[in-house]
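Those protein sequences? They're chains Y and H, same order as listed.
Under this note's numbering, residues 374 to 631 are what the first sequence spells out, in order.
Under this note's numbering, residues 798 to 1088 are what the second sequence spells out, in order.
To start, the structure itself, in structure tokens.
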Amino acid sequence: MSLEFLSAFKFLKKETFLHNLDPRAKLLLAIIYTIEALLFQEILPLLLILISLLPIIIIGKLFKQWLKSVKGMSFLYIFIIILDTLFISEKGFSFAIAMILRISIMISAFSLFFLTVDPNDLALSLITMKIPYEYAFSFSLAFRFVPTVAIETQNIIDAQQSRGYEMQKKGIINQIKNLFPLLVPLIISSIKRAFNVAEALESRSFGNKKGRTYYYTIKFSLKDWIFSLYLILFLTFLIYVRINFMSMPIWFRWSLPL
Amino acid sequence: MTDIKPLPLIMVHNVDYVYSNGTEALKQISLNINQGEFIAIMGQNGAGKTTLIRTFNGLIRPTKGSIFIEGENIESKSIATISKKVGIIFQNPMHQLFSNTLEDEIKFSLKNLNLNKEEIKLKVDQILEEFNLEKYRKRSPLNLSGGESKKLAVASIICRDPDILVFDEPTLGQDAKEIDFFLGLIKNELERGKTVIMVTHNIEFTVEHVPRTILMGGGHIIADGPTQTIFTNEFLVSKSSLIMPQLYLFKQELQKIGIDIPKENLRENELINILENYLGKNFINLKEEKQ
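Have a look at this one:
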């Protein structure tokens, strides 16, 4: 087992339209697509929303990483299918597929955000939103540690496997129990690292000066406005569809026979 | 009758490994390791040492080439199966300690070995005793000192009694006493016929105690041979970005002032013997001159 899918959330510097957008525009993308995913519970509209993300993914040259992030969640999909099909009496399987699409949209939107936003820019954009520097900085720091935590998780898995730990176990209770050997070391080493980072920051006088200037600045340019406008229009359209859902053509509510 | 040579315990055959980001960590690695050997794998950071040892128990599957343990290809074997023979002890003990007590920590390692309760209890007692951890038995592993938690991590692998022990940086961050304990432990395992492989940056330790060294650099094996031969070869050592051992440098200084020492002698006690002999003779000379 590898945690390769976590690399789908790691920032990689590239020169594309998407990468050059303002981080705030991309945050808007993630939020708007999350709202859109929550608007519907039917397969077709959700599928269309997911498809509408594809051009953005392709513009950002991120198809491979995106595929990885969606694939990486496959264990969750299996859970959803089993639970929904078992416990929802009417069309459980269709509902499960719809929920998988919903989760895929959210994951895709956020993975796009993480893949294209430089953690440094993220802090800057938060500051422009009037969030105090300490918080903005810790937020961006948290992002920067995602790959570190991913590597560490892999090390923990390796170390436990070397003493006979088995990743796959039968039965839900066993599977949950099986998480302890991974989660406990991970949480403890994360807390330890947090303290270490805090101490390292403080020993370099972090937070000493209140008024701070910034070497780089970010600006919401025309293309960001256009992109945001497109997102908002798309959302408005979907809200309209949701409100008038009953008067939409019948195929729009199509579902699988199960 | 023809001589039948025993198969090497570990046979690495033409192994390549490429990480998903395209980094070629191992290039055309071939090597044989026999039963009972004590080997150090050295080289600068990023040379591929850790990647190589991870292939030994299947944590990493080679992109190309194959690895045989006791003559069997491990390609299709699960990590759990290989781990019974190959125990890897990782650098950071904090990556594996999670139980409420030391006892449970050891038990976790033994659980997957199909032992019954009695056997497990016996083994836990024996291992805690051997590692001087008996007094902490009911303590949380998270409250141990750095050295002790490393001991526990080693104990949690050794209790599984693997034929091959692989250490990643065992002497890192250990004080002199802890290193001594660790050395005793390795010698004990070697006496029991085990094979020990360690990845290390500790040149002095290697020169003093490890008979065979594998030098790595840029994913290749630069040299593989007796430690004493490798660490007298300045070209090889500098090629793998290491420095010559203190004893070698000391010997050079001695040679400069005219004390002649055979080329291969690098062990501490051997050097002391030579010096004693030399000084002894001089001492006698001095005595004679005075008289």
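Beta carbons are placed, not taken as given, at the ideal position from N, Cα and C, and that holds for glycine.
Being a predicted model, the structure only gives us computed values, none of them experimental.
Of the candidates H:Lys1048, H:Phe895, H:Gln841, H:Gly1077, H:Lys1048 places its Cα closest to the Cα of H:Ile1058. Shown here, Y:Leu611 sits in a helix according to DSSP, grouped into three states. For the pair Y:Glu572 and Y:Val519, the Cα-to-Cα distance works out to about 20 Å.
In this structure H:Ser1037 is not in contact with H:Gly1016, their Cβ atoms being roughly 12 Å apart against a cut-off of 8 Å.
Secondary structure at H:Leu949: helix, using DSSP grouped into helix, strand and coil. Collapsing the DSSP output to three states places H:Phe865 in a strand. Between Y:Gln541 and H:Leu856, the C-beta spacing is not below 9 Å. Taken in chain order, the whole alpha helix (DSSP H) runs of length 4 or more contained in the segment 521-598 of chain Y are 545-550, 553-575.
Three or more Cβ pairs closer than 8 Å define a contact, and the segment 991-1003 of chain H meets that threshold against the segment 837-845 of chain H.
Contact residues of the segment 527-561 of chain Y toward chain H are Asn528, Ile529, Asp531, Ala532, Gln533, Gln534, Ser535, Arg536, Gly537, Glu539, Phe553, Pro554, Val557, Pro558, Ile561 (C-beta to C-beta distance below 7 Å). Chain Y places no beta carbon closer than 9 Å to that of H:Gln923, leaving this residue out of the contacts. When secondary structure is reduced to three states using DSSP, H:Ser896 falls in the coil class, being assigned neither helix nor strand. Taking 9 Å as the CB threshold, Y:Glu409 stays off the interface with chain H. For H:Lys908, the closest Cβ of chain Y is nearer than 9 Å. Interface with chain H (9 Å Cβ-Cβ cutoff): Y:Lys434 is excluded.
In the DSSP assignment, the residues bridged to H:Val996 are H:Ile838, H:Asp965. Counting only Cβ-Cβ distances below 9 Å, H:Leu939 has contacts in chain Y at Val557, Ile561, in chain order. Rounded to whole angstroms, H:Ile830 and H:Ile866 show a C-alpha spacing of 10 Å. Residues of chain Y whose Cβ lies closer than 9 Å to the Cβ of H:His998 do not exist, since the nearest Cβ in that chain is about 18 Å away. The same chain holds no residue with a CB closer than 6 Å to that of H:Leu912 once the five nearest residues on each side in sequence are set aside. Close to H:Ala973, with beta-carbon spacing below 8 Å, lies no residue of chain Y; the smallest spacing is near 26 Å. Under the three-pair Cβ rule at 8 Å, the segment 480-495 of chain Y counts as touching the segment 386-394 of chain Y. Taking C-beta atoms as the reference points, Y:Leu402 and Y:Ile429 count as a pair closer than 9 Å. By the neighbour-count criterion, in which a residue is buried when 16 or more other Cβ atoms sit within 10 angstroms of its Cβ, H:Asp977 is exposed. One alpha carbon belongs to H:Leu962, the other to Y:Ile476, and they sit about 44 Å apart. According to the DSSP assignment, H:Leu982 belongs to the alpha helix (DSSP H) that extends over 973-988. Annotation: the continuous beta strand (DSSP E) that includes H:Asp813 extends over 807-815. With respect to chain Y, the C-beta atom of H:Asn1074 has no partner C-beta closer than 9 Å.
Using a Cβ-Cβ cut-off of 9 Å, H:Met995 does not count as an interface residue toward chain Y, since no Cβ of chain Y sits closer than that to its own. In the DSSP annotation of this structure, the continuous segment of the beta strand (DSSP E) that includes H:Ala1020 starts and ends at 1017-1023. When the beta-carbon positions are compared, H:Leu1068 and H:Leu1044 come within less than 9 Å of each other. Excluding its 5 nearest sequence neighbours in each direction, H:Lys846 has C-beta neighbours in its own chain below 7 Å: Ile838, Gly840, Val996, Met1013, listed in chain order. Note on geometry: alpha-carbon atoms of H:Leu919 and H:Phe853 lie some 29 Å from one another. Contiguous alpha helix (DSSP H) elements confined to the segment 411-443 of chain Y occur at 416-432, taking only those with 4 or more residues.
A straight-line Cα-Cα distance of about 18 Å links Y:Tyr506 and Y:Ser576. Scanning chain Y for C-beta atoms nearer than 8 Å to the C-beta of H:Ser946 yields nothing, as the closest lies near 11 Å away.
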